[in-house]
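Participant:
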Amino acid sequence: MGLQGHIMTMATSSILNMMKEVDDLKKKSSSEILSGIQVNHETEDFQVIRVRRNHIWEDSLRAFKKHSFSHQKLLRIHFIGEEAEDAGGPRREYLRLLMKELAEKSGVLEGPEGHKVVTANSLLVFNKEYFYAGLMVSVVYSHFAHGPFRPRQFAHVTVSVSLRQGGPGICCLSPMLYSYISNQPVHDATLHDVADYTARANIEKIQNAEEKEFTQTVKSLADFLIACGLSKLTWSFEEKSVLVKLLCLHFLLHRSKIGVDQFTDGLKAGGLLEHIQNYPMSLKEVFIYSDTPINVTKFRSLLKYNYSPLGSNSREAEEMAVLLWEEYLDDIEEEETPDLNPDTLKELLIFVTGAEQIPPCGFDKKIEICFYDAHESGNPNVCRLPYASTCSMTLYLPLGLKDVVEFKTVMAKSLEGYGGFGSI
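Anchor point for the sequence shown: position 165 equals 165 in the UniProt record's numbering, and the numbering is continuous, going up by one each time.
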C-alpha cells in the first residue's frame, strides 16, 4: 500500500472514530446531561421569589423581569400567606405549578395536550413573555446550566430555570416544535396539532377532498391560502399532501416564528438550548409528553427507611408499620380495591415531595420514612393521621395500626386533606 493509501486509511479510521465518539455523546441520558449543569443546592446564595398561589404566572413574570434576578442562583420560594420555610418542598411545588401555568394558562402555548405549539400573539412578543417562558423552562431544568441572563427577555427563561432547580420538565411540546428548537429536520407537522378551529376545518376540507372535487375545493379557499402566505393558488390532486403540510406548518410554526425564536432565545439565555441542540434525542423525553406514569417499583426505589436499632421494641413496631405500608403499595399496583387507583401513586408523590412527577435529574435525596405513635394521645379511639414534610421529603407512618384496611383508611384521609406545604 502506497503513502496515499495509508493516508486515506488513516483518514477514514479517524473519521469513523470521531463519528463513534459523537454517537456515544448523543446516547447520554437526560439525567447525565442535566446533572452536569445543575445549580448548587448547598449554596447560601439564594434568589428569593414571592408569589401568590392563584397568580403564579403573573407574579413569576414580575420576578424574572427584575434587573436583580439571576437564574444562576438557587431559588427560594415564599408563597404569600403560607408559613412554610423553603427547604426544598415549596420550590419543587412552585416549579411544578409554574410549568403547569406555562402549558395551560400563560397564553404562550396552545394546542391539544402533549402537542403544544407557540401562540402568535403580538402583545406577548412586545412584552418579551415568550423569552421569559423559555428562561423559566431553563431554570426549571437548570438549577443545572450556567449561562448569561438578559433581563429583557423571558418565556424560554422559565423552562430553563425550572429544570436547573431540579423541577419537572414541561413535557407537552409538539414533536414538530421540539424538532425545530433542537435544529432537527421538521417532518411531523400534522393537522392534529393545529389549535385554530377555523383553520383546522379549512385544512380538513382540502385533506378530505376527493380527486373530482379537489380543484374546486382549493379554489373556494383561495383567500385562506393567500392569508397563509401561499402565492400558488392552483394545486393538483397529487400535490394535496404537500399543500396540507405547508398549511399545517404555517399555523404551527411560520406565523408564530417571532414568538418561537424569542422562546428559543430564552432557552439560550438560561443555558439550556446548547444542550438541547447537542443532545436532541436524549432530552426529547423532558419536552415531549410520554404517557408513562410513575409505577410502584420506581416509587419504592425513592424510599429510605429510618429504623430504630435492631432488637429494640420500637424496631418491631416499625417493621409492622412497613409491612402494612408495603401491602398498601401492593394494592395500589394491583388495583385490587376500588378506593385505590393509578392516580393514588401520583397523589402520594405530591403529598411527600410537592412534585407530581420525578424530575429529569431525579430528586436530590431519598424520601425518608419515619414513624410515630398513632395513638400518642393515649386514647385508642383517636388516631393521628399520617403526615409529611415536603421540605425534607419525609413521610411519617403510624405505629400501632391493626391491619392494612385501617392503614388504607388513614392514608386516604391524609391524601384527601392535603392542600399546602410543610408538615401536614
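Note that CB positions come from ideal geometry on N, CA and C, so glycine has one too.
Here the structure is a predicted model, which is why all the values come from computation and not from measurement.
Given 8 angstroms as the limit, is there contact between the segment 228–247 and the segment 101–118, that is, 3 or more CB pairs closer than that?
Facilitator: No: the two stretches stay apart, fewer than three of their Cβ pairs being nearer than 8 angstroms.
Participant: Name the two residues that bound the continuous alpha helix (DSSP H) containing residue 90.
Facilitator: Element bounds for residue 90: 89–104.
Participant: Give the straight-line distance between the Cα atoms of residue 51 and residue 367, rounded to the nearest whole angstrom.
Facilitator: When rounded, the distance between both Cα atoms is 26 angstroms.
Participant: So who's on the other strand from residue 46, going by DSSP bridges?
Facilitator: Per DSSP, 74.
Participant: Does residue 202 pass the burial test, meaning 16 or more other C-beta atoms within 10 Å, or should it be called exposed?
Facilitator: Under this definition residue 202 is a buried residue.
Participant: List the endpoints of the continuous alpha helix (DSSP H) containing residue 371.
Facilitator: First-last for residue 371: 367–373, but that is the beta strand (DSSP E), not the alpha helix (DSSP H).
Participant: My assumption, with CB atoms under 8 angstroms, is that residue 173 sits in contact with residue 259. Please give the rounded CB distance.
Facilitator: 13 angstroms between Cβ atoms; not a contact.
Participant: Which residues mark the beginning and the end of the beta strand (DSSP E) in which residue 389 is found?
Facilitator: Note, residue 389: beta strand (DSSP E), 387–389.
Participant: Between residue 244 and residue 295, what straight-line distance do the alpha-carbon atoms span, to the nearest angstrom?
Facilitator: C-alpha separation (whole angstroms): 40 angstroms.
Participant: In angstroms with no decimal places, state the Cα-to-Cα distance between residue 256 and residue 121.
Facilitator: The straight-line gap from Cα to Cα measures roughly 8 angstroms.
Participant: Grab the span of the beta strand (DSSP E) containing residue 402 for me, first residue to last.
Facilitator: Premise fails: residue 402 is in no beta strand (DSSP E) and is neither H nor E.
Participant: Drop a sphere of 10 angstroms on the beta-carbon of residue 227, count the other beta-carbons inside from all chains shown, and report buried for 16 or more, exposed for fewer.
Facilitator: Exposed.
Participant: Give me the Cβ distance between residue 61 and residue 129, rounded to the nearest whole Å; I'm assuming they're in contact under 8 angstroms.
Facilitator: With 8 angstroms as the limit, residue 61 and residue 129 qualify as a contact, their Cβ atoms being about 7 angstroms apart.
Participant: Which class does residue 147 belong to by DSSP, given the choice of helix, strand or coil?
Facilitator: Confidence in residue 147 is poor, its pLDDT being 32 and thus under 50, which makes the residue's placement unreliable; the coordinate value appears in the next sentence. Residue state, collapsed to three classes: coil.
Participant: Give the range of the beta strand (DSSP E) segment to which residue 180 is assigned.
Facilitator: It is not in any beta strand (DSSP E) - residue 180 instead sits in the alpha helix (DSSP H) that spans 175–181.
Participant: Note down the Cα distance separating residue 425 from residue 321, rounded to an integer number of angstroms.
Facilitator: Because residue 425 is not part of the residues shown, which for the chain are 1 to 424, the question remains open.
Participant: Could you compute how far the alpha carbon of residue 181 sits from the alpha carbon of residue 269?
Facilitator: Approximately 14 angstroms between the Cα atoms of the pair.
Participant: With residue 249 as the anchor, note down where its alpha helix (DSSP H) starts and where it stops.
Facilitator: Segment 240–252, the alpha helix (DSSP H) holding residue 249.
Participant: Whose C-alpha, out of 189, 334, 179, 303, is nearest the C-alpha of residue 282?
Facilitator: Checking every option, the nearest Cα to that of residue 282 belongs to 179.
Participant: Quickly, what does DSSP pair residue 304 with across the bridge? List them, please.
Facilitator: Answer is 368, bridged to residue 304.
Participant: Measuring only the C-alpha atoms, how far is residue 376 from residue 385?
Facilitator: Spanning the two alpha carbons is a distance of roughly 11 angstroms.
Participant: Excluding the five sequence neighbours on either side, which residues of its own chain have a C-beta within less than 8 angstroms of the C-beta of residue 264, listed in chain order?
Facilitator: Contacts found: 134, 156, 181, 273.
Participant: How is residue 25 classed by DSSP in three states: helix, strand or coil?
Facilitator: Residue placement at residue 25 is poorly supported in this model, since its pLDDT is 49, which falls under 50; the coordinates are not used for a value here.
Participant: From residue 78 to residue 353, what distance separates their C-alpha atoms?
Facilitator: If I take the Cα positions, the gap works out to 16 angstroms.
Participant: Among 301, 311, 297, 276, which one has its Cα closest to the Cα of residue 330?
Facilitator: Residue 330 has its Cα closest to that of 297, out of 301, 311, 297, 276.
Participant: Here's a check: name, in chain order, each residue in its chain whose Cβ is nearer than 7 angstroms to the Cβ of residue 185, leaving out the five neighbours to either side.
Facilitator: Cβ within range, chain order: 179.
Participant: Go ahead and label residue 17 buried or exposed: buried means 16 or more other beta carbons lie within 10 angstroms of its beta carbon, across all protein chains shown.
Facilitator: Confidence in residue 17 is poor, its pLDDT being 46 and thus under 50, which makes the residue's placement unreliable; the coordinate value appears in the next sentence. Residue 17 should be labelled exposed.
Participant: In three-state DSSP terms, what is residue 398?
Facilitator: Note: residue 398 maps to strand in three-state DSSP.
Participant: State the DSSP-derived secondary structure class of residue 66, mapped to helix, strand or coil.
Facilitator: Three-state result, residue 66: coil.
Participant: Taking the beta carbon of residue 417 as the centre, do at least 16 other beta carbons fall within 10 Å, making it buried, or is it exposed?
Facilitator: Exposed.
Participant: Assuming the contact rule is C-beta atoms closer than 8 angstroms, residue 118 and residue 177 should be a hit. Round their C-beta distance to whole Å, please.
Facilitator: Between residue 177 and residue 118 the Cβ distance is about 7 angstroms, and since that is below 8 angstroms, they are a contact.
Participant: In angstroms with no decimal places, state the Cα-to-Cα distance between residue 261 and residue 365.
Facilitator: If I take the Cα positions, the gap works out to 36 angstroms.
Participant: Would residue 229 be called buried (16 or more neighbouring beta carbons within 10 Å of its own) or exposed?
Facilitator: Residue 229 should be labelled exposed.
Participant: Could you check what DSSP says for residue 109 in three-state terms: helix, strand or coil?
Facilitator: In the structure shown, residue 109 sits in a strand (DSSP, three-state: E or B).
Participant: From the DSSP secondary-structure annotation, give me the bridge partner or partners of residue 116.
Facilitator: In the DSSP output, where bridge partners are listed per residue, residue 116 has 173.
Participant: Which first and last residues belong to the alpha helix (DSSP H) in which residue 261 is found?
Facilitator: 257–269 is the span of the alpha helix (DSSP H), which, as asked, contains residue 261.
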